[in-house]
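When the count follows the numbering used here, it moves up by one through the sequence shown with no breaks and lands on 266 for the last residue. A short worksheet on the structure shown next.
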Amino acid sequence: RLGAPLMTPLIASGLALVQGTLRLMRQPLRSVGYGFMLAVGIGMLAGLCAPVHELTSELAARGSPNLLDLGIAFFSGVAAAYALARPGLSAALPGVAIAAALVPPLATVGISLAFGETANALGAALLFATNIIVIVLGAAFAFHACGVHGSMENGRSVLWSRRATLLLVVVAAGLA
């Protein structure tokens with residue numbers, strides 16, 4: 091459930107990209123950072139309290155991200171933004187999908203650090219970062235497809251938005 095509160099900031103980040111609103115982007119990024127630190131801290135505490143200090147196959151799998159993980163996160167972002175952009179649709183299911191894309195890597199980072207498995211922790215952190223990027227891109231894609239657009243009055247905002255979106259696409263492609 092720690093990942094579900096991160097849904098709103100991630101979807102807000104996608105909306106900020108589409109609207110070109112830098113101010114709207116700052117608070118969600120701060121919230122994601124705090125959520126990351128809290129979830130990793132809880133994962134470390136759980137790892138320190140665990141009776142066994144070996145990585146399970148599930149923990150090891152989170153330390154080795156693949157393209158399937160990327161696709162799941164992207165479509166989770168699309169579904170969550172679409173559900174929020176269309177009145178009458180519930181955002182609960184996409185929220186669960188986003189939580190599933192975020193909580194396991196965060197818990198793996200904390201538990202791996204507690205076990206001294208730095209390489210696995212770094213792989214899981216990479217998975218988390220990749221998921222964040224593609225969820226935001228998926229949300230931006232869905233909002234754009236639903237007709238949400240920014241004001242064309244401020245060319246600087248549009249330029250910022252385009253550059254940020256391009257950067258996220260390039261980073262996501264590089265991580266893929």
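Each residue gets a CB set at the ideal place from its N, CA and C atoms; glycine is no exception.
- Rounded to the nearest whole angstrom, the CA to CA distance from residue 140 to residue 254 is 41 Å.
- By the 16-neighbour rule on beta-carbons within 10 angstroms, residue 156 is exposed.
- From the listed residues 110, 104 and 178, the smallest Cα separation to residue 240 is found for 110.
- The three-state secondary structure of residue 148, taken from DSSP, is helix.
- Taking residue 259 as the centre and dropping the five residues before and after it, the same chain places the C-beta of 227 closer than 8 Å to its C-beta, in chain order.
- Here residue 144 is exposed, its C-beta having fewer than 16 other C-beta atoms within 10 Å.
- In the DSSP assignment, residue 208 falls within the alpha helix (DSSP H) that extends over 208-235.
- Pairwise C-beta distances place the segment 97-107 in contact with the segment 164-174, as three or more of them are shorter than 8 Å.
- Contact between residue 166 and residue 225 holds, with the beta-carbon distance rounding to 6 Å and staying under 8 Å.
- By the C-beta density criterion, residue 198 is buried, having at least 16 other C-beta atoms within 10 angstroms.
- For the pair residue 231 and residue 115, the Cα-to-Cα distance works out to about 16 Å.
- Between the beta-carbon of residue 214 and that of residue 153 there is about 5 Å, and that keeps the pair under the 8 Å contact cut.
- If you draw a straight line from the Cα of residue 233 to the Cα of residue 149, it comes to about 34 Å.
- A straight line joining the alpha-carbon of residue 120 with that of residue 102 spans about 12 Å.
- Spatial neighbours of residue 265 in its own chain (CB-CB distance under 6 Å, excluding positions within 5 residues in sequence) are listed in chain order as 220.
- By the neighbour-count definition (other C-beta atoms within 10 Å, threshold 16), residue 147 is an exposed residue.
- The Cβ atoms of residue 138 and residue 204 sit closer than 7 Å to each other.
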